[in-house]
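Working notes, structure below.
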Amino acid sequence: MEDECITQTKSHFEHADQVKQQVNDLCTSSIQVTDDLLKQLSIILDIYQEQSHLLDPYLEDLVTPIMTCLRERIQQRPIMPENTHHLFRFLYLLTKTRGYKTIVKFMSHEVTDLESVFHFLSNLDDTNIQIWETRYICFVWLSLICMIPFDLKRVDSGSDISLITRLLDLCKYYLKATGKERDGASLLVARLLSRRDLCDDYLVPFVEWSKMKLAKDAEVFETAGILSSLCTLYQFSPRKVLLPTLDDSIFPLLSMPFFDKYDNNSLIRKLRMKLTQRVGLCYLKPKLASWRYQRGSRSLRNNLDQGIPLSVNIPSQSDTTMNNENDDDEDISEHLETIIDILLNGLRDKDTIVRWSAAKGMGRITQRLPQELAEDVIGSLLELFEENTFKPKGCDELDLTAVSDHTWHGVSLAVAELARRGLLLPARLEETIPWIILGLKFDLKRGSHSIGAHVRDAACYVCWSFARAYAPEIMAPFVKEVAQNLVVVSVFDREINVRRASSAAFQENVGRQGIFPMGIDIIQLADYFSLGNRTNSFLQVAVAIAKFEDYRYHLIDHLVTTTSKHWDKSMRVLASKTLYQLVPLDPVYFMDQVLPSLVPLSTSKDMIISHGALLSLGEICFSLWECRQQDEQKNVIWNKNETLIQDIAGVVAKIPSRSLSTFGSEHIREATCQLVEYMCRIRLIDNDKENTAIQMIDGWKRIIQTSLERKEENVQEYAVGAFGALSRTYGIQRSEVDIYLKKIETTHMMYGRRGYALALGTLDYNMEERYSWLHDVLHQLGLATRIQVDHIANDVEAKRNAVIGLTTILKGLNDTTLIKGMSLDDHLFVIDTLESCLKDYSTDQRGDVGSWVRSASMECIRYYMPLIARLDTVKVLSNLDTNGRMISMLMKQSVERIDRVRGLAGSVLVELVSCDAIIIPHHDKLKELLTSDLSFSTPGELYPVMVDLLYYPSYRLELLTGLIASAGGLTESLVRHASSCLIEFINKLPPNTNDTSDNCSREDIIRTMYDIFARYEKQDRVIIPLMDVIGLLYETGSLSVIENETIHLKLMTLVRKESFKAKNVKKLLSTIKIYVGFISLSGTQVKIKALQQMLSYLVHGYPRIRMEVADQLFTFLSVLNDDEMTDGTMQAEEIITGTDWSMSIDEIKPLRDQLYDFLGIPKPVVRPSK
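So the number in the working numbering is just where the residue sits in the sequence shown, counting from 1, plus 432.
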């Protein structure tokens, strides 16, 4: 991730020369060429959207030629707008990337441009939506030109209506536009009316016009345009000019009813906040408050070099010149209270943009207020934190469940703005910082998720602003608390942006304050990139920071009290894994403080709290056991906590029964099984001491057994781990094993079969007294893998788990057990089981689920075949015949349809072929072809290699079956490569065996296809692709060269048998393709029989089949040679083409019967039934 970010970061404008050349071409090229140029320029500029400042040194060179060209074309008479639009579009692309405020500086602003640009804009077709960029840039350009230091009334060349009036009318028209032109028009209005020579005559009328439009019929776009223009106007215009408009004109507008109409429009509400703050600023003199806190000299270098720098509260020169008058001498308008009230309510708004605008307004207005009024405003602001808070009896912590996240976010932003401006005096910090600390961990649960990330982000911004605003001695009393909480948020927050924001605030404090404990070391560990990954942040960064004692216990306590109770399961899991790694730093603290607090939480009725506590309890206990193994002293301390040990062991029995059965109980079961596993692995209690311990262990067994019968696979996975740990630590009885063996019989519930099949694989069979168990378990698991007729009994997950259990058992057996504990019959049974599993092609609504069983069996083969090949007494089983069968079946899997299965089969195949201990037919050739470099997941690379193995009879049947399945599949690339490679291979073969020394001919391939027909009779999964391939081979002429008619007749017999009474349309269409191939065999009995069959299909019950046969017969007749063409064939062709074969069978049957005579084919006689 770090490398990716670095590669996307630019150091300079890399495309400068290219863009300059394209800009020059843009000015001279035709319209057709400029479209392509603009697309290229757009792509290039998008690259610099996040680093647009890199364009600054080149902007003049990019804008100047465009402006020169535009001025020439605009001043032409008559004006031709169409040849300028591409230039305006390029200027818009620049403004989109860098912002109009930067680009407008490079535009021309001569007096002569004003009228020409205005006339050009006026002449544009306002209904043409394609040229909105042109209109927008014209407005921006005019906003610059109208600032010329000349009287605009004198610039007017003369007409009935003055230029200023026409400009304003044009702006008013476009203020209701739905596009970007609205922003340009509002900017131009503000620039015009802010001129001293125009504001006296036009400002008040415009404000009155605005009030009138807003009060009457203004639509949402016009409302937004008018408010935007007023905001900009009250920003640019002189205060002296605006003052007369405040009380009578603009202030009433702030409370007009139309705001209620657009209450759901965030843009309108934001503009209201913006206008409110502009009006409020106009009421106050433009001076900075003399009472504000000023930190004085702030040198980052001094902080890093000297620690705590000196801080002097010296007002700046500008302050002294601007604050000659006493603040109290100024009269404050009574309307200001209403304005501040509107802004305070804006901090509660549901949209961030509104709250952010209100927060900035609060900062700007407070900056101009006298101290007494400002303190009242700040007090009112901080009171918003207390809204809807509640302190329960006997608890010191505030209950924030009823507070509004919008309010907290808005107030946090406002506090940050006040602090940045020095308006939050140091005396207020003691009152403010506790709220900000709460904001850093603000997280309210709402249903299945939580809200509060934006509040935490804003709280980080507040901490960042504190670092820049206050001297170190001011922040010193709060450093420890702020530093610890920022570190916690940096490493343990769920959201990446909050972690990075907290890290940035911490880094700013380290640099500016210089008094954060271990600051430099921590910012080197917790940087922008290391915190980008949540897992890395928890398990690496947090553990490294916890080595510093100042932060260790705060991190641990946060994990235990907060993160382990988080609504997100993945956060609770990460918290437990982090606690596991933190235990070695202070094991005694975990024994004395953490474990006693977790035990009661683990049996809570709140399943989220219980789940997190159970996970943490298990991880901490296991980590403590590892520490005790290395330090006997810790073991002594642990053994003294007998009560704690009993409490932990008794947790499972105290878990509420509802938590183990209700919705969401799977998480509790996972955590409980994991806890049981860890308690067994560390042997928390001894089962030979007292009855209580035995009862506890029996309780653990019941939890495991019920979890093994759950339908959730992850619950079963944890239960299997606990089952294995418990059986290894406390043993297991034969009677229990017998019960579990019955559980995996096909007559039992499928969920239990799945779980117990895996569980039986975890038992230890390397004991002589358990050899009889091993025989029974192997055979029961083998039977559980068999394909069943009943779809419920044929549960694919149960079969897969049985194979996985079998694999786990084999991997756990030592050589002695493999030889003495397993008989040759047992080994043969395992081999037969694996072979049958490779033939499992079960399907359901999820598709080829049998591939799960095949994959599991291939993993078992990967381990088992080399194993029996090296054991002397079992080596007899690893013979040429057995190994050949296994390899051929793996070859079949390696060329089939599913990429995942092909890849796994290929890796197993390569591994077995490279093993010299295994005897394989044609071993040397396989070693040469099947190398580790061969990509089995790439069809274009795989199939050319695999088809060459068809030369060898021992592999031909299985391999050809797999190739046919792929060649007749649905995936286009797979079909293309498989079919082309197969046809190419067959075309290289001679027609019959006598013509080759390689012992393979086309007849041999056909005979292998006979075997496939016989093996997979009526199994459409194989038969339909096989028929597709045969039809393709006839179509390409690969089989037509075989002269032995018996071959074709037998093939026809097999095809006819498969298609007899078939209802599958796809199968029938495949059959027709083969018959088309048969009728291409001239002068044979096969051709006549094929034509008879084709004509019989002309009266088939499915219209689709009849029309397909008619099309194929027409194609056949139309390509006949001249010597084969007769009057009969011509008449037959007319009947075929002139008949609508979708009509009823009674109508088309007489026409079909005529075709027998025309084609010279004897009509089949229907034998009377006996």
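Each residue gets a CB set at the ideal place from its N, CA and C atoms; glycine is no exception.
Measure the CB-CB distance between residue i and residue j and report whether it falls below 8 Å.
{"i": "I1176", "j": "A1154", "result": "no"}
{"i": "S1506", "j": "G1463", "result": "The residue asked about is misnamed: residue 1506 is Ile in this sequence, not Ser. Closer than 8 Å, so yes."}
{"i": "F552", "j": "C578", "result": "no"}
{"i": "I1567", "j": "Q1586", "result": "yes"}
{"i": "M1323", "j": "M1378", "result": "yes"}
{"i": "Y634", "j": "L600", "result": "yes"}
Could you give the first and the last residue of the continuous beta strand (DSSP E) run that contains residue i?
{"i": "L716", "result": "Careful: L716 lies outside any beta strand (DSSP E) and carries neither H nor E."}
Would you tell me roughly how many angstroms separate the C-alpha atoms of residue i and residue j, rounded to the nearest one?
{"i": "T1248", "j": "D1276", "result": "42 Å"}
{"i": "R614", "j": "N965", "result": "42 Å"}
{"i": "T784", "j": "A647", "result": "27 Å"}
{"i": "K1086", "j": "G1050", "result": "16 Å"}
{"i": "S844", "j": "A890", "result": "6 Å"}
{"i": "F980", "j": "E1074", "result": "31 Å"}
{"i": "K452", "j": "H541", "result": "23 Å"}
{"i": "I596", "j": "V847", "result": "44 Å"}
{"i": "L1046", "j": "Y1150", "result": "13 Å"}
{"i": "D1365", "j": "R1294", "result": "18 Å"}
{"i": "T643", "j": "S681", "result": "One detail in the question is off: residue 643 reads as Lys in this sequence, not Thr. Taking the straight line from one Cα to the other gives about 8 Å."}
{"i": "W1132", "j": "S1159", "result": "11 Å"}
{"i": "D875", "j": "G616", "result": "41 Å"}
{"i": "A1083", "j": "S1034", "result": "The residue asked about is misnamed: residue 1083 is Val in this sequence, not Ala. The straight-line gap from Cα to Cα measures roughly 7 Å."}
{"i": "A1234", "j": "L1266", "result": "11 Å"}
Using a Cβ-Cβ cutoff of less than 6 Å, which residues in the same chain neighbour residue i once the five nearest sequence positions on both sides are dropped?
{"i": "L742", "result": "Confidence at L742 is low in this model, with a pLDDT of 39, below 50, so the placement of that residue should be treated as unreliable; the coordinate-derived value is given next. Answer for L742: no residue qualifies."}
{"i": "G1619", "result": "Here the chain covers residues 433 to 1602 and nothing more, so residue 1619 does not appear."}
{"i": "E1229", "result": "R1186"}
{"i": "M1039", "result": "S1091, G1096 and I1100"}
{"i": "T1240", "result": "G1193"}
{"i": "D1589", "result": "none"}
{"i": "Y568", "result": "K612, E613 and G616"}
Could you pull the start and end residues of the alpha helix (DSSP H) that residue i belongs to?
{"i": "K1252", "result": "That residue, K1252, is in no alpha helix (DSSP H); it is neither H nor E in DSSP."}
{"i": "I1176", "result": "From DSSP, I1176 is part of no alpha helix (DSSP H); its letter is neither H nor E."}
{"i": "S1528", "result": "Q1517 to Y1529"}
{"i": "Y1183", "result": "M1182 to L1192"}
{"i": "Y532", "result": "Y532 to I535"}
{"i": "E1064", "result": "E1064 to K1072"}
{"i": "L600", "result": "L595 to Y606"}
{"i": "V930", "result": "I928 to Q945"}
{"i": "P866", "result": "L861 to L872"}
{"i": "C1105", "result": "S1097 to R1113"}
{"i": "M1323", "result": "L1312 to S1326"}
{"i": "V587", "result": "L584 to V587"}
{"i": "A617", "result": "E613 to L625"}
{"i": "N917", "result": "V911 to F924"}
On the three-state DSSP scale, how would you describe residue i?
{"i": "S882", "result": "strand"}
{"i": "Y1588", "result": "helix"}
{"i": "D1276", "result": "strand"}
{"i": "D488", "result": "helix"}
{"i": "L1033", "result": "helix"}
{"i": "D831", "result": "strand"}
{"i": "L845", "result": "helix"}
{"i": "L665", "result": "helix"}
{"i": "F1417", "result": "helix"}
{"i": "K877", "result": "strand"}
{"i": "F1492", "result": "coil"}
For residue i, which residues from the same chain have a beta carbon less than 7 Å from its beta carbon, with the 5 sequence-adjacent residues on both sides left out?
{"i": "I1129", "result": "N1119 and Y1162"}
{"i": "T858", "result": "Reading off the sequence shown, one finds Pro at residue 858, where the question assumed Thr. Contacts found: Y725, Y902 and I906."}
{"i": "E1397", "result": "What sits at residue 1397 in the sequence shown is Ala, not Glu. Within the same chain, A1397 has close Cβ partners E1328, R1329, V1454 and P1457."}
Who are the Cβ neighbours of residue i in its own chain at under 8 Å, not counting the five residues just before and after it?
{"i": "L1303", "result": "D1247, L1250 and I1251"}
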